[in-house]
Amino acid sequence: MLEHIWIIPAITFTSFWLILFFGKRLPFKGSEIGLLALGVCLLLSTVAGFQWINHDSAEVHFERAPVAAAAEGGHAAEAAPAAEDGHAAEAAPAEGEHQAEAHVLRTPVDKSVHWFKIGDTQVDAGTHVDGLAIVMLFTVSVISFLVHVFSTSYMSGDRRFTHYFASLSLFTTGMFVLVTASNTLQGLFGWELMGLCSFMLIGHWWEEPKNSNAALKAFLTTRTGDIGLLVGISTLFFAAGRTFDIATINSRALDGQIGHTALLLAAIALFVAVIGKSAQFPLHTWLPDAMAGPTPVSALIHAATMVVAGVYLLARLYGVFWQAFSITHSSINPVAVVGGITIIIAAALAFVQTDIKKVLAYSTISQLGYMVMGLGVGAWTGAMFHFFTHAFFKALLFLGAGSVSHAVHSFEMDDMGGMKKYMPKTFWTFIIGSFALAGFFPLAGFWSKDEILLGAGQNGYTFFMIVGLVGAAMTAAYMTRCVYLTFFGEYRGHGHPHESPAAITVPLMVLAVFSVFAGFLNAPKLFGGEWFGRLVEDATFVHAAIPIHDFSVTAALLSMAVVSGAIGVAAWLHFGQRLPKGLTERSTPARLGHTFLANRYFLDHLYTGVIIGGIKGPIARAAYWFNQNVLDGVVNGVAFAAKRSGSWIYKWIDQGAIDGTVNGSGLGAEGLGGSLRRLQTGRVQQYGSLLFGGTALFALGLILLVARSN
Amino acid sequence: MIAQNIAFGILAASSVLAAIRMVTTKNVVHAALYLVVVLGSVAANYILLAAEFVAVVQLLVYIGAIVVLFLFGVMLTRAKLGHEGELDNDQRGLAAVTALLILGILGYVLVDYFGDDKLPQLNRTHEQLNATRGTGAVGNAIFSTYLIPFEVVSVLLLAALVGAIVLARRD
Amino acid sequence: MHGFDDWALTLAVFLPLVGAVVMLVIPGAEEGLHKVVALVTTVATLGIGVAILARYDYGGHQGLQFAPTPKDWISVIHAKYEVGIDGIALPLLLLSMVITLLVVLYSWNHFPEPHNPKAFLILILILEVGMNGTFVAQDLILFFVFFEVVLLPMYFMIGVWGGENRQYAAIKFFLFTLFGSALMILGFLALFFATGAESFSIPFLVQHAQANIDPDVALLIFGGLFMGFAIKVPMFPFHTWLPDAHTQAPTQGSVILAAVLLKLGTYGFIRIAIPILPDAAHTWAPWIGGLAVVGIIYGALGCLAQTDMKRLIAFSSVAHMGYVMLGIATLTDFGINAAVFGMVAHGLITGMLFFVAGSVKDRFHTLDMKRLGGLLLQAPRMGWILGFCCMASLGLPGLAGFWGEFPAILAAYNPAAGLSQPLFRTYMVIASIGTVFAAGYLLWMLQRVAFGTPKEEWDGHAIDDMHWPEYVSWVPLLAGIVALGLIPNLLFKITDPAIQVVTAAIGK
Amino acid sequence: MLLNQFLLLGAVLFCIGVYGVLARKNGVLVLMSIELILNSVNINLVAFGMMGGDAAAITGQVFALFVITVAAAEVGVGLAIVLLIYRNRTTVDLDEVDLMKG
């Protein structure tokens with residue numbers, strides 16, 4: 000299976016076409032094809048997972064860099080390249096308490112076919128399967144499969160049920176292509192394919208302008224980030240010696256074969272793409288708007304595809320970022336900073352939302368911030384682990400929100416309340432998801448978040464650990480608010496809510512199980528061993544460079560305390576009805592703060608109003624004006640001026656007038672302002688004179704040329 | 000030789016002057032008459048160049064037919080026989096510049112390339128001339144070497160004839 | 000088959016002319032017969048094209064193929080009838096054949112006012128003669144003649160079957176291009192005389208021009224050629240004829256104009272200007288690249304200001320040809336490969352967009368985007384095809400447009416030796432920004448035309464979805480877009496050996 | 000006699016003709032100017048013919064004859080057109096014949 004991993008995207012791609020062309024004629028309108036395809040994919044990726052676990056661990060040995068050295072400052076850097084060259088034995092054991100421990104890598108499985116060739120550069124299309132790809136494949140398959148199941152009920156009776164399933168298939172294909180890609184160019188294929196599908200799915204109900212606007216915004220924002228991707232891929236292509244191959248790029252970057260300037264340029268450019276795709280500050284604004292799409296799509300976008308594509312890119316080309324930003328050497332770098340800012344600002348926004356999906360959307364942004372920050376501070380494994388656990392509980396929460404809205408026909412939390420007693424299954428699974436998201440022991444989110452925070456602390460990024468803790472507290476608090484508003488108190492909506500059918504609740508329960516137990520896969524040895532870490536870390540480039548840290552009870556206790564405290568305070572405020580009423584009316588700073596948040600830091604105004612409005616409005620109009628009046632004016636003006644210059648020269652010769660320059664510029668200006676029609680006098684003789692005059696001038700030029708060349 | 004040069008001088012001067020008057024006069028009928036002068040001078044030039052058949056055809060066709068046609072045209076379009084208000088359009092300047100430009104270029108090229116090349120002297124008798132490049136020779140050439148072009152031109156004339164009739168017919 | 004190889008190109012060029020002559024003698028009332036004759040002619044021409052494709056030697060043979068011994072044509076000036084193709088001309092020749100066939104098919108029930116299928120189809124066939132001829136000509140005079148042959152049918156097509164402002168557009172198109180041609184022929188003559196007045200043959204000039212022409216003179220000559228080709232491309236700031244011509248031309252005219260005629264200019268750069276005067280091209284390259292990226296951004300801004308769908312697509316051509324020219328300006332194998340790919344891709348995609356726009360106009364009698372909307376509700380298939388074309392046009396990977404854009408951007412990172420890297424990298428970034436603009440205006444158009452609900456004036460009107468001529472003429476293009484997008488080697492395999500020859504000359 | 004004296008005469012007449020074509024408003028006068036241009040070409044043809052041998056001289060003359068013939072045809076059709084324009088518009092002023100005006 001590992002050799003033939005291309006089958007997985009091929010299945011979903013085929014399913015897309017089948018649904019598109021034959022879906023409408025089938026009894027279940029094409030949903031059965033999608034379900035079947037994803038079921039097979041899930042099966043195959045599970046098989047692939049088992050094969051990977053049992054895969055030959057070839058003799059590629061390396062030693063872990065000592066943690067203490069990294070934390071104490073800089074020695075790891077010397078150890079790292081040495082270790083990679085296979086001389087780790089000399090370099091590593093010298094340091095302190097953490098004896099370098101031999102790891103055995105599973106060899107990645109590569110398979111490629113000739114794609115195209117230009118000059119001496121041959122580009123192959125291929126698959127690259129390693130631990131990271133396997134985990135991604137599995138996660139994507141699970142989430143996508145459950146989303147398919149959920150959708151059969153949730154979307155039943157929709158206007159474009161068949162199209163919807165076709166797009167889901169294509170969407171999943173995009174993510175599969177990205178995660179199995181062996182070169183950046185293929186990655187770009189998957190990346191943009193997802194952009195296309197998100198456009199189609201967010202704008203699924205395109206009859207309303209609001210939805211198509213959101214779709215446009217999502218596509219354009221991510222596309223803006225893609226400028227970086229294009230530039231980055233180009234830079235790396237040449238810098239790494241005319242290759243798109245990811246493994247080669249990573250190893251050359253780590254070997255120092257790529258100049259630092261080029262590397263830095265590429266890393267910054269790629270990071271811009273990550274910011275766009277993974278909705279990091281300041282390009283995060285599209286994600287909340289993307290809630291215009293159907294809820295299961297939001298689950299898919301947020302949990303397993305699209306937005307995590309950016310994080311995946313960051314993780315996949317980590318060698319580049321690692322070297323370019325000197326992640327071990329510094330205590331601050333752009334990746335960590337952007338991730339940190341995103342955590343806080345998105346979490347803050349989640350407090351003022353009244354739409355349950357938007358709360359979750361901002362929470363996704365915030366959690367993506369964790370992953371990005373994790374990668375920024377060198378906690379590679381932690382970040383990937385957080386992606387893994389986040390996928391489950393975020394999908395759970397979105398589907399749960401979908402389930403609630405299915406019952407009350409609204410996403411506004413003002414229309415909810417007291418759902419606990421109407422929808423017990425949804426309620427309990429949602430609670431599990433919320434606690435997992437908040438990072439409550441021993442649910443999934445706790446372990447992964449903890450690993451990121453620990454990494455930040457130990458790698459010398461203390462400030463970012465604090466940011467992470469603050470973020471964790473905020474997460475716990477806003478989720479408490481969300482749960483309270485949705486499930487507790489009195490029912491504020493209309494109609495009669497009821498529990499959702501099995502097609503909706505079963506996926507919720509499956510996800511809930513994952514949310515509870517997924518965390519133990521990489522829990523410390525005490526609780527089951529760092530199995531996940533060993534599984535994914537065999538990714539080609541991680542090598543010895545990335546330090547790993549033992550579980551720290553102190554850190555865990557600290558984060559638990561923070562989270563519990565936040566939940567406690569929030570619960571006390573909400574459940575005890577102690578929220579200060581009318582605070583925004585009484586206190587000016589509070590009102591300003593609320594306005595600021597309610598307007599999402601005015602970033603949307605900046606983008607939509609100022610930048611897009613500017614380009615689409617005045618700038619485009621000015622360019623067009625320039626086109627019509629200046630360029631066309633020049634054309635027409637030339638004709639006009641030619642016509643006029645005849646009489647002008649006549650006068651000039653006749654009268655010996657001297658003020659030629661003034662007249663000329665005046666005429667020129669008149670020519671520029673000349674209207675479109677001046678060229679087109681329809682007078683044959685004028686055309687004739689231009690023709691004759693032109694010919695004469697050309698002949699003149701020719702004579703001069705020949706005279707010169709003779 | 001000198002006689003020929005003097006003749007040429009007179010002919011050239013008269014044709015150029017007449018041509019200039021032709022394109023500047025304000026009277027359409029006068030213009031046609033100036034055209035006659037130009038065409039006549041050119042015909043005389045052909046004789047200087049020992050092309051008497053062309054010269055005769057020039058006189059017959061141009062002055063005999065074409066100018067008459069022009070005069071008919073002038074009459075039929077009811078131009079006044081005297082002065083007319085304005086016969087030129089407003090781009091005389093441009094036209095003059097263009098014409099002078101072309102003249103300058105042509106002149107430069109001609110002088111530069113042909114310099115003082117002399118026309119060959121033909122020291123032959125009248126009979127010899129007639130046999131080699133006179134009317135007889137021209138006639139032979141037209142009906143042997145240039146037979147096909149001649150036929151094509153005939154068809155062209157026929158087409159023009161039909162075309163002119165179709166265009167000018169009143170219906 | 001030796002005989003076929005000698006005659007294949009001549010047949011490919013003049014077969015449409017035979018068809019046109021046959022149609023001339025058929026009375027105009029026999030519409031059906033005219034359509035059949037035109038169809039048979041174009042199919043037969045394409046058949047020859049396919050045979051050429053089959054017999055083409057894809058291997059190491061890098062020179063001209065299907066090239067018979069040149070025959071004397073105008074012996075006074077040593078102009079010969081010299082034809083031949085290589086990997087650069089072959090795809091474009093086929094593109095021209097395919098597009099003509101599809102246009103004839105599309106015309107089946109789409110004759111614009113004032114109808115007259117006889118004249119219309121004859122013009123299309125004559126256009127094909129000119130287009131095919133330009134791509135196979137290996138003699139500058141022959142090239143020039145074919146290049147100009149194209150003008151007249153297009154002039155009449157716009158001037159007779161065009162929109163309201165057709166005569167203005169037609170004259171503007173004609174004069175503008177003629178102006179460029181004049182400079183171009185001047186350049187050709189200069190090349191001829193400067194190399195000793197021996198031959199107009201392109202292979203001959205490629206070998207002898209560089210060594211025999213004074214560098215300063217070469218710069219001037221390149222300037223003349225540049226003007227001629229740049230107007231045809233069209234490059235900023237010589238593009239102003241294009242939107243008018245496109246907006247006014249009938250659908251078929253727009254398709255041919257966008258799909259094939261614009262390529263004559265870029266093809267001229269790759270076939271004539273750069274190989275013959277590589278050093279001058281090297282000096283000019285930064286300027287060409289600069290104009291190209293200005294064109295990219297400028298075309299995009301122009302698009303954003305439009306309210307007319309067809310005019311928007313026309314402006315998008317300016318932007319897309321900017322990528323092609325950027326690729327050429329890098330003077331690298333990647334860049335020029337991208338350029339040829341971009342030409343073919345643009346031919347397919349923009350051709351499709353104009354087809355769709357034409358069909359929209361057929362149904363709604365307007366292309367004003369303020370009055371359109373909800374196409375997806377009234378004619379879902381057409382709407383989705385429009386969406387597909389927009390995606391292809393904005394360079395989505397997996398579709399043909401991507402391979403014209405991305406390798407050009409890639410090549411700009413590392414232009415040919417001696418060109419300023421910082422400058423071209425700046426171009427690269429600007430060109431990348433252009434991709435966002437492209438997405439912006441295309442999706443904006445899609446949103447306004449296809450999404451939403453129909454405007455009141457069309458509410459309740461039954462709008463036909465696609466007819467069979469639309470199916471048969473569109474499906475091959477759509478399939479081509481996908482096939483080239485997924486397997487770019489289909490094209491790179493053909494173009495690359497020929498382009499290596501071109502770039503090798505630059506290295507020297 | 001110099002070759003150039005004839006060629007230059009031709010050039011002068013040609014340019015006068017060009018001026019006339021460009022600057023005259025009356026259709027008939029434009030046609031006359033065209034005759035001037037054709038005549039200048041004829042002078043050149045015959046003069047060039049003189050430079051070669053007998054065959055060249057004959058060729059030059061025959062060409063001149065053909066040009067005269069074509070000129071006659073051209074005048075015939077041209078005047079017919081002018082007449083038609085006059086009949087339709089009661090003017091032969093080319094400035095007002097602007098069907099092609101956009």
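Residue numbers (numbering that gives the first Met the number 0), protein chains in the order written: chain A, 0 to 709; chain B, 0 to 170; chain C, 0 to 507; chain D, 0 to 101.
Every residue, glycine too, gets a C-beta built ideally from N, C-alpha and C.
It should be emphasised that the depicted structure is a prediction, and the values quoted were computed from it without experimental measurement.
Query: Measure the alpha-carbon distance for C/P212 versus C/T194 and round it to whole angstroms.; Result: Note that residue 212 of chain C is Ile in the sequence shown here, rather than Pro. Their backbone Cα atoms lie some 7 Å apart in a straight line.
Query: Is there a C-beta anywhere in chain A that falls below 8 Å from the one on B/T97?; Result: yes
Query: Mind reading off the beta-carbon distance from A/G309 to A/S329? Whole number of angstroms is fine, and I expect it under 8 Å.; Result: At roughly 22 Å, the Cβ-Cβ gap does not stay under 8 Å, so A/G309 and A/S329 are not in contact.
Query: Are the CB atoms of A/F149 and A/P293 nearer to each other than 8 Å?; Result: no
Query: Give the range of the alpha helix (DSSP H) segment to which A/Y317 is assigned.; Result: Y317 to A323
Query: Checking contacts by CB at 8 Å: is D/V27 closer than that to chain A?; Result: no
Query: Strictly below 8 Å CB to CB, what residues from chain C border A/I226?; Result: V428, S431, I432, T434 and V435
Query: Can you find the residues in the same chain that come closer than 6 Å, C-beta to C-beta, to A/I431, ignoring five residues on each side of it along the sequence?; Result: A511 and S514
Query: Would you kindly check if the distance between the Cβ of C/V97 and the Cβ of C/P475 is under 8 Å?; Result: yes
Query: For the beta strand (DSSP E) that contains A/T751, what are its first and last residues?; Result: Nothing about residue 751 of chain A can be read from this structure; chain A reaches only from 0 to 709.
Query: Count Cβ pairs between the region 233-247 of chain A and the region 296-308 of chain A that sit closer than 8 Å; are there 3 or more?; Result: no
Query: Kindly indicate if chain A contains any beta-carbon less than 8 Å away from that of C/Q209.; Result: no
Query: Tell me which residue opens and which closes the beta strand (DSSP E) that A/I10 is part of.; Result: Counting along the chain, A/I10 falls outside any beta strand (DSSP E), though it belongs to the alpha helix (DSSP H) covering I6 to F21.
Query: Indicate whether D/V69 and D/V40 have their beta-carbon atoms separated by less than 8 Å.; Result: no
Query: Please work out which residues of its chain come closer than 7 Å, Cβ to Cβ, to B/A130, disregarding the five sequence neighbours upstream and downstream, and give them in chain order.; Result: A136
Query: Following the continuous beta strand (DSSP E) through C/I73, name the residue where it begins and the one where it ends.; Result: K70 to I73
Query: Comparing the C-beta of A/Q713 with each C-beta of chain B, is any distance below 8 Å?; Result: Past the edges of chain A, shown from 0 to 709, lies residue 713 of chain A, and the structure says nothing about it.
Query: Using three-state DSSP, classify D/L1 as helix, strand or coil.; Result: strand
Query: For C/K231, which of C/F146, C/V159 and C/I220 has the nearest alpha-carbon?; Result: C/F146
Query: By the DSSP assignment, the alpha helix (DSSP H) with A/I300 in it spans what residues?; Result: T294 to A302
Query: Between which two residues does the beta strand (DSSP E) harbouring C/K79 extend?; Result: A78 to Y80
Query: Is there at least one Cβ from chain C nearer than 8 Å to A/S674's Cβ?; Result: Interpretation of A/S674 is limited by its pLDDT of 39, a score under 50 that renders its predicted location unreliable; the figure taken from the coordinates is listed afterwards. No, its Cβ sits nowhere closer than 8 Å to a Cβ of chain C.
Query: Check the Cβ-Cβ distances between A/F691 and every residue of chain D, and say whether any is below 8 Å.; Result: yes
Query: Looking at the structure shown, is C/D85 part of a helix, part of a strand, or coil, going by DSSP?; Result: coil
Query: Check whether the region 384-403 of chain C touches the region 189-197 of chain A, taking contact to mean three or more Cβ pairs, one atom from each stretch, closer than 8 Å.; Result: yes
Query: Check whether the region 41-55 of chain C touches the region 12-26 of chain C, taking contact to mean three or more Cβ pairs, one atom from each stretch, closer than 8 Å.; Result: yes
Query: Please return the same chain residues whose Cβ sits closer than 8 Å to the Cβ of B/A158, not counting the five positions on each side in sequence.; Result: none
Query: Helix, strand or coil for B/A173? Go by DSSP, reduced to three states.; Result: Since the first residue shown for chain B is 0 and the last is 170, residue 173 of chain B is missing from the structure and cannot be characterised.
Query: On the criterion of 16 or more Cβ atoms from any shown chain inside 10 Å, does C/R270 qualify as buried, or is it exposed?; Result: buried
Query: Taking any Cβ of chain B, which residues in the region 56-68 of chain D have a Cβ under 7 Å from it, in chain order?; Result: A56, I57, Q60, V61, A63, L64, F65, I67 and T68
Query: Note down the Cα distance separating B/S153 from B/F142, rounded to an integer number of angstroms.; Result: 13 Å
Query: Any idea if A/T553 is buried or exposed, counting beta-carbon neighbours within 10 angstroms, 16 or more meaning buried?; Result: exposed
Query: On the premise that A/V376 lies in contact with A/N458, defined as a C-beta separation below 8 Å, what is that separation, rounded to the nearest angstrom?; Result: 5 Å
Query: Mind listing the chain B neighbours of A/A698? Cutoff is C-beta to C-beta under 7 Å, in chain order.; Result: I104
Query: Under 8 Å Cβ-Cβ, which residues of chain A neighbour D/V20?; Result: Q684 and G687
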